[in-house]
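Student:
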Amino acid sequence: MMRIQPCFNSKLTLLLRPRTATRTPTPPTATMFRSSVLRSLRNVAPSTRAFSTSAVAEAEKKIALIGARGYTGQALISLVNAHPSLVISHVSSRELAGKPLDGYSKAQITYSNLSPEDIKNMEAEGEVDAWVMALPNGVCKPMVESVLAGAKKAGKKNSVVVDLSADYRFDEPRDTNWIYGLPELNDRSKISQATLISNPGCYATGAQLALAPLIPHLSSPPTVFGVSGYSGAGTKPSPKNDTTNLQDNLIPYSLTDHIHEREISHRLGSKVAFIPHVGQWFQGISLTVSIPLAKTMTSREIRNLYTEFYASEKLVEIIGEEPSVKDIAGQHGVRIGGFGVNQAGDRVVVVATIDNLLKGAATQCLQNLNLALGVGEFDGIPLMGSGERLIVPAVNVHQK
């Protein structure tokens, strides 16, 4: 996961571009298959979902952002700004302390530089309903411990914490209280009851959704070829976000053992090979997934399987053709298509696209906040068929 860096130089742009999405009724057999696969992924017994999809909060829920100072933070601020029942109460950044928060109109907010002791005291006093940790990998533990210490001091359950780093993505609920926040594949009732939520990675979200329906049919490990826009490299200057270096270029990196490879494999319970790249566009990811099959299947059969598997999911769209990055940029879900099957019928190639800043980060964070705070899961999230786009302004971080 790339480090989030300061970038509040201009406001977000919303583009309206209508798109019609169709939904296919889910047959009972498909529902049974989906439930079986999801139980396998979650490793839990069948349960009844207990989450709100339309509830309106009685009072505004206060959100504190710790370290939200870059592209993902910018997107999250914009989403909360339009949310019917969430507000930002605090934004902490050492580099931006004392500066006004741009792109937020509900109130005048100034960046602070909250220490772990500040966080402990704020939690004890009940000043916020949820904390969003938008910090680099390996940094947020003292902040999380301060939240827990503050709650213990007050003799209460801790406020919701959503961590955007990879620090807790491998924790299991049976060992810790952390829940992995991928609602489409995890148990929503567990997310709605959680106070510690680990937000999945961007590549990992798209890859898991692209693979999940076929996990029972794998003959050997699949391979994921991923290409991200350079916003994934953050705003700290590097070859991976240098637009001159990226022009007419594709940059591979972390050829083995990328942390998202481990995350995908861990969460799906199946070994996966993952090779990431950076492309010359700014926002959005394309994943080309080669999947070896244990039995022969046709393209139509596989597409129908995916359509039925995700029929009830509002942020997943299944199409026939290969999805493109330019169509997913600024949208809040995942689009899956392609379904090219080889002549032998024992391998399929699926293409998935996801906006790395939105469903790959900020939108998924908001989805988890909504569930955990008891408001509508999709409140404040433009759905796939709405045509509404959230475009984060690109910044040339190499320009002096």
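Sequential numbering from 830 applies to the sequence shown in the numbering used here.
Beta carbons: idealized from backbone N, C-alpha and C, even for Gly.
Classify Met1080 as helix, strand or coil using the three-state DSSP reduction.
Tutor: Counted from its first residue, the sequence shown places residue 1080 at position 251. In the sequence under discussion, the amino acid at residue 1080 is Ile, which differs from the Met named in the question. In this structure, Ile1080 counts as strand in the three-state DSSP scheme.
Student: For Pro1051, is the classification buried or exposed, using 16 other Cβ atoms within 10 angstroms of its Cβ as the cut-off for buried?
Tutor: Numbered from 1 along the sequence shown, position 222 holds the residue referred to as residue 1051. Its Cβ being crowded by 16 or more others within 10 Å, Pro1051 is buried.
Student: Please tell me whether Leu1219 and Lys1143 are closer than 9 Å, where the distance is taken between their beta carbons.
Tutor: Within the sequence shown, the letter at position 390 stands for residue 1219. Within the sequence shown, the letter at position 314 stands for residue 1143. Not in contact: Leu1219 and Lys1143 (Cβ atoms no closer than 9 Å).
Student: When you compare each of Asp947, Asn950, Ser1049, Gly1035 to Ser1057 by their alpha carbons, which one comes out closest?
Tutor: As a position in the sequence shown, residue 1057 is number 228, starting the count at 1. Among Asp947, Asn950, Ser1049, Gly1035, the Cα nearest to that of Ser1057 belongs to Gly1035.
Student: Check this for me: beta carbons of Val1177 and Ile1114, under 9 Å apart or not?
Tutor: For the purposes of this step, residue 1177 is identified with residue 348 of the sequence shown, where counting begins at 1. For the purposes of this step, residue 1114 is identified with residue 285 of the sequence shown, where counting begins at 1. Contact flag unset, no.
Student: Suppose contacts are defined by Cβ-Cβ distances below 9 Å. Is Gly1189 in contact with Val1180 by that definition?
Tutor: Position 360 of the sequence shown, counted from the first residue, corresponds to residue 1189. Position 351 of the sequence shown, counted from the first residue, corresponds to residue 1180. The answer is no: Cβ separation not under 9 Å.
Student: Mind checking who Phe1054 pairs with in its DSSP beta bridge?
Tutor: By 1-based counting over the sequence shown, the position of residue 1054 is 225. Beta-bridge pairing links Phe1054 to Ile1104, Thr1117.
Student: Please tell me whether Lys1069 has its Cβ less than 9 Å away from any Cβ of chain D.
Tutor: Protein chains in the displayed structure number just one, and chain D is not present.
Student: Assign Ser921 to one of three DSSP states: helix, strand, or coil.
Tutor: Within the sequence shown, the letter at position 92 stands for residue 921. Ser921: strand per DSSP, three-state reduction.
Student: Pull the bridge partners of Thr901 from the DSSP assignment, please.
Tutor: Your numbering for residue 901 matches position 72 in the sequence shown. For Thr901, which the question treats as bridged, DSSP gives no partner whatsoever.
Student: Touch check for the segment 1152–1160 and the segment 1069–1086: three-plus C-beta pairs under 8 Å?
Tutor: The segment 1152–1160, when compared against the segment 1069–1086, does not touch it at the 8 Å Cβ threshold.
Student: When you compare the CB positions of Ala959 and Tyr940, do they come within less than 9 Å of one another, or not?
Tutor: Mapped onto the sequence shown, residue 959 falls at position 130. Mapped onto the sequence shown, residue 940 falls at position 111. No. Outside cutoff.
Student: For the alpha helix (DSSP H) containing Tyr1135, list its first residue and its last residue.
Tutor: Here residue 1135 refers to the residue found at position 306 when the sequence shown is read from its first residue. Tyr1135 -> alpha helix (DSSP H) spans 1128–1138.
Student: Taking 9 Å as the threshold (C-beta atoms), are Tyr1059 and Leu1116 in contact?
Tutor: Taking the sequence shown and counting its residues from 1, the one referred to as residue 1116 is at position 287. Taking the sequence shown and counting its residues from 1, the one referred to as residue 1059 is at position 230. Taking 9 Å as the Cβ cut-off, Leu1116 and Tyr1059 do not qualify as a contacting pair.
Student: How many angstroms separate the CA atom of Glu1130 from the CA atom of Lys986?
Tutor: By 1-based counting over the sequence shown, the position of residue 1130 is 301. By 1-based counting over the sequence shown, the position of residue 986 is 157. If I take the Cα positions, the gap works out to 47 Å.
Student: Closest to Ser1049 by C-alpha separation, out of Gln1228, Leu1122, Leu1075, would be which residue?
Tutor: Locating residue 1049 in the sequence shown gives position 220, where the first residue counts as 1. That would be Leu1122, whose Cα lies nearest to the Cα of Ser1049.
Student: Glu1146 by DSSP, collapsed to three states: which one?
Tutor: Here residue 1146 is taken as the residue at index 317 of the sequence shown, counted from 1. Of the three classes helix, strand and coil, the one that applies to Glu1146 here is strand, per DSSP.
Student: Here's the rule: buried if 16 or more other CB atoms are within 10 angstroms of the residue's CB, otherwise exposed. What is Ser988?
Tutor: As a first step, residue 988 must be located in the sequence shown, where it is residue number 159. Ser988 should be labelled buried.
Student: I believe Leu1186 touches Thr901 by the beta-carbon criterion, under 8 Å. Please report the beta-carbon distance rounded to the nearest angstrom.
Tutor: Position 357 of the sequence shown, counted from the first residue, corresponds to residue 1186. Position 72 of the sequence shown, counted from the first residue, corresponds to residue 901. Confirmed, about 6 Å.
Student: Whole angstroms is fine: what's the gap from Leu908's alpha carbon to Ile892's?
Tutor: Sequence index remark: in the sequence shown, residue 908 carries index 79 (1-based). Sequence index remark: in the sequence shown, residue 892 carries index 63 (1-based). The straight-line gap from Cα to Cα measures roughly 12 Å.
Student: Excluding the five sequence neighbours on either side, which residues of its own chain have a C-beta within less than 8 Å of the C-beta of Trp1110, listed in chain order?
Tutor: Here residue 1110 refers to the residue found at position 281 of the sequence shown. For Trp1110, where only same-chain residues beyond five positions count, the Cβ hits under 8 Å are Gly1058, Tyr1059, Val1154, Lys1155, Ala1158.
Student: So what's Ala884 in DSSP terms, helix, strand or just coil?
Tutor: Here the question's residue 884 lines up with position 55 in the sequence shown. Bear in mind that the predicted position of Ala884 carries a pLDDT of just 43, short of 50, making it unreliable; the figure below should be weighed with that in mind. Looking at Ala884 - three-state DSSP - the assignment turns out to be coil, as it is neither helix nor strand.
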